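To convert, note that position 138 of the sequence shown is 137 in numbering that gives the first Met the number 0; the numbers rise steadily by one, no gaps. As structure tokens, the structure follows; a few thoughts come after it.
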Amino acid sequence: MPSSFSPASFEIACSTGGYDIHIGNELLDRELGGAGERLVIADRFLAGTLAARGIDAILITADEHAKSLDRMGDLIESIKDRQATRNTTLIAIGGGVVQDCVTFVASVYMRGVPWIYIPTTLLSMVDSCIGGKSSINVGRYKNIVGTFHPPRRVVIDPALAQSLSTEQRIAGLSEAVKICMCRGPEAFDAYLALRPSPTMDETGFAAVTELCLRAKKWFIEIDEFDRKERLILNFGHTFGHAIEAASGFAIGHGVAVGLGMLAALNLGETLGHAPFSDPRVTTFRDHIHGLLASVDGLVAHLAACDLDKLMDAFGADKKHGREELAVILVNRAGAVHRIMLPRSEEMLKQVANAFSSLKSIPFAR
Ligand SMILES: NC(=O)c1ccc[n+]([C@@H]2O[C@H](COP(=O)([O-])OP(=O)(O)OC[C@H]3O[C@@H](n4cnc5c(N)ncnc54)[C@H](O)[C@@H]3O)[C@@H](O)[C@H]2O)c1
Ligand SMILES: [Zn+2]
Numbered sequence: 000m001p002s003s004f005s006p007a008s009f010e011i012a013c014s015t016g017g018y019d020i021h022i023g024n025e026l027l028d029r030e031l032g033g034a035g036e037r038l039v040i041a042d043r044f045l046a047g048t049l050a051a052r053g054i055d056a057i058l059i060t061a062d063e064h065a066k067s068l069d070r071m072g073d074l075i076e077s078i079k080d081r082q083a084t085r086n087t088t089l090i091a092i093g094g095g096v097v098q099d100c101v102t103f104v105a106s107v108y109m110r111g112v113p114w115i116y117i118p119t120t121l122l123s124m125v126d127s128c129i130g131g132k133s134s135i136n137v138g139r140y141k142n143i144v145g146t147f148h149p150p151r152r153v154v155i156d157p158a159l160a161q162s163l164s165t166e167q168r169i170a171g172l173s174e175a176v177k178i179c180m181c182r183g184p185e186a187f188d189a190y191l192a193l194r195p196s197p198t199m200d201e202t203g204f205a206a207v208t209e210l211c212l213r214a215k216k217w218f219i220e221i222d223e224f225d226r227k228e229r230l231i232l233n234f235g236h237t238f239g240h241a242i243e244a245a246s247g248f249a250i251g252h253g254v255a256v257g258l259g260m261l262a263a264l265n266l267g268e269t270l271g272h273a274p275f276s277d278p279r280v281t282t283f284r285d286h287i288h289g290l291l292a293s294v295d296g297l298v299a300h301l302a303a304c305d306l307d308k309l310m311d312a313f314g315a316d317k318k319h320g321r322e323e324l325a326v327i328l329v330n331r332a333g334a335v336h337r338i339m340l341p342r343s344e345e346m347l348k349q350v351a352n353a354f355s356s357l358k359s360i361p362f363a364r
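This is the structure we're talking about:
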């Protein structure tokens, strides 16, 4: 028997006029029953569910290759083969990979078509579903090209999270705690009060999702195009993207971001930010340690990451300047902030030490 929770709806204001977020029970079925010219593009794990409803969907195998630029042509051809016009609404159902692919093609197909998003991973529910960004890989460079193209609507059915693995739930909670830590002490305390854990039921996930999306709403409404305030939501991502790449994507995005935030804390301490005056920083670190301890094989995957590959990927991040490294750290007072550091030999050594510090954390084996 599914647990019940109060449905929530709120709006995200943006330059295209805004869009609604709905969080509630059985919303997937309601959205699939919608009328009008529509084309479903979904994660392949939903093949049976969609076929049972007679829906002829384009299916995507959600891995990092799927969101590479050279695959976008195939996806666009499949959309055209199904006679999609400028009036067709694309319905994306899946995690961040499907979201990135559909945001991107919806932004360029016939110079732009509307789309609706139904996230299926906790990570996409709590974080990526709002903000309107697509991030596409080119060759070995992750998320190096993209567009802004907000959806018409985001429909969140937390029951979909029930089939997620423990690791996928941890990945979602890593991004969730990141958003709340970035937003400030009140959001962080509210997050902890929900007692977030990978074993939460859908009522718990619905509450975490609403809290995080309301917190993220502040950033994306004040800085839609990622030029100032919103940039701190990249906390853990420069380190994290490097960890994903150096592990050959054995370590997934959300878990890598959790590790990346620990590396950023370490770099901040080396640069003199410790001791932190806010005890929340220790609580934050302990919470991430606790989450990551349940990720199978993490120690082995980290041990297999080559330091040169980590440093190459870190240095290639699109957020850096030629002479400076853009990093998001936690300051002495416990606030997440963005600073530019010189791209010097000494600084790169400190970054390498921050990566190495992760290998000595006694995560579960
Ligand atoms: N554009 C953005 O703003 C943004 C933000 C964050 C992350 N991302 C991107 O999102 C990607 C990661 O996305 P993700 O972690 O949401 O997952 P994902 O799309 O990579 O999917 C991970 C796995 O979970 C499976 N899956 C999806 N939903 C499921 C469900 N309900 N039950 C069981 N299995 C399910 C998929 O088939 C896949 O095997 C990365 O490529 C990352 O770069 C983009
Ligand atoms: Zn992320």
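Each residue gets a CB set at the ideal place from its N, CA and C atoms; glycine is no exception. The structure displayed is predicted, hence computed values, not measured ones.
9 angstroms Cβ cutoff met for residue i and residue j
{"i": "Phe248", "j": "Phe313", "result": "no"}
{"i": "Leu193", "j": "Leu163", "result": "no"}
{"i": "Thr102", "j": "Thr48", "result": "no"}
{"i": "Thr84", "j": "Val294", "result": "no"}
{"i": "Arg331", "j": "Ser276", "result": "yes"}
{"i": "Val207", "j": "Ala175", "result": "yes"}
{"i": "Arg182", "j": "Phe204", "result": "no"}
{"i": "Leu340", "j": "Leu270", "result": "yes"}
{"i": "Pro149", "j": "Cys13", "result": "yes"}
{"i": "Lys215", "j": "Leu301", "result": "no"}
{"i": "His272", "j": "Val329", "result": "yes"}
{"i": "His64", "j": "Ile231", "result": "no"}
{"i": "Lys308", "j": "Ala244", "result": "yes"}
{"i": "Phe9", "j": "Ile20", "result": "yes"}
{"i": "His288", "j": "Gly259", "result": "no"}
{"i": "Arg81", "j": "Asp99", "result": "no"}
{"i": "Leu290", "j": "Gly251", "result": "no"}
{"i": "Lys348", "j": "Ile143", "result": "no"}
{"i": "Ser246", "j": "Ala303", "result": "yes"}
Presumed contact (8 angstroms Cβ cut-off) between residue i and residue j, rounded CB distance
{"i": "Lys66", "j": "Ile135", "result": "6 angstroms"}
{"i": "Cys128", "j": "Ile178", "result": "So it is not a contact: roughly 12 angstroms between Cβ atoms."}
{"i": "Ala41", "j": "Leu58", "result": "6 angstroms"}
{"i": "Val39", "j": "Ile92", "result": "7 angstroms"}
{"i": "Phe238", "j": "Ala263", "result": "6 angstroms"}
beta-carbon residue i near ligand 2 non-hydrogen atom, thresh 8 angstroms
{"i": "Gly93", "result": "no"}
{"i": "Val254", "result": "no"}
{"i": "His236", "result": "yes"}
{"i": "Gly239", "result": "yes"}
{"i": "Ser133", "result": "no"}
{"i": "Leu212", "result": "no"}
{"i": "Leu122", "result": "yes"}
{"i": "Ser246", "result": "no"}
Any non-hydrogen atom of ligand 1 closer than 8 angstroms to residue i Cβ
{"i": "Thr208", "result": "no"}
{"i": "Thr198", "result": "no"}
{"i": "Asn142", "result": "yes"}
{"i": "Lys257", "result": "For the sequence presented, residue 257 should be read as Gly rather than Lys. Gly257 Cβ: outside cutoff for every heavy atom of ligand 1."}
{"i": "Gly320", "result": "no"}
{"i": "Lys66", "result": "yes"}
{"i": "Thr165", "result": "no"}
{"i": "Leu159", "result": "yes"}
{"i": "Phe44", "result": "yes"}
{"i": "Pro118", "result": "yes"}
Query - Residue ranges of each beta strand (DSSP E) within the stretch 67-142, 3 or longer - result: Runs of the beta strand (DSSP E) inside the stretch 67-142: 88-93, 114-118 and 135-137.
Report the start-end ranges of each beta strand (DSSP E) in the stretch 4-49 that is 3 residues or longer and not cut off at the edges.
The beta strand (DSSP E) runs of length 3 or more contained entirely in the stretch 4-49 are, from start to end of the chain, 7-11, 18-22 and 37-42.
In chain order, each alpha helix (DSSP H) run of at least 4 residues that lies wholly inside the stretch 151-223:
Considered as a whole, the stretch 151-223 harbours 165-182, 184-192 and 201-221 as its complete alpha helix (DSSP H) runs of no fewer than 4 residues, in chain order.
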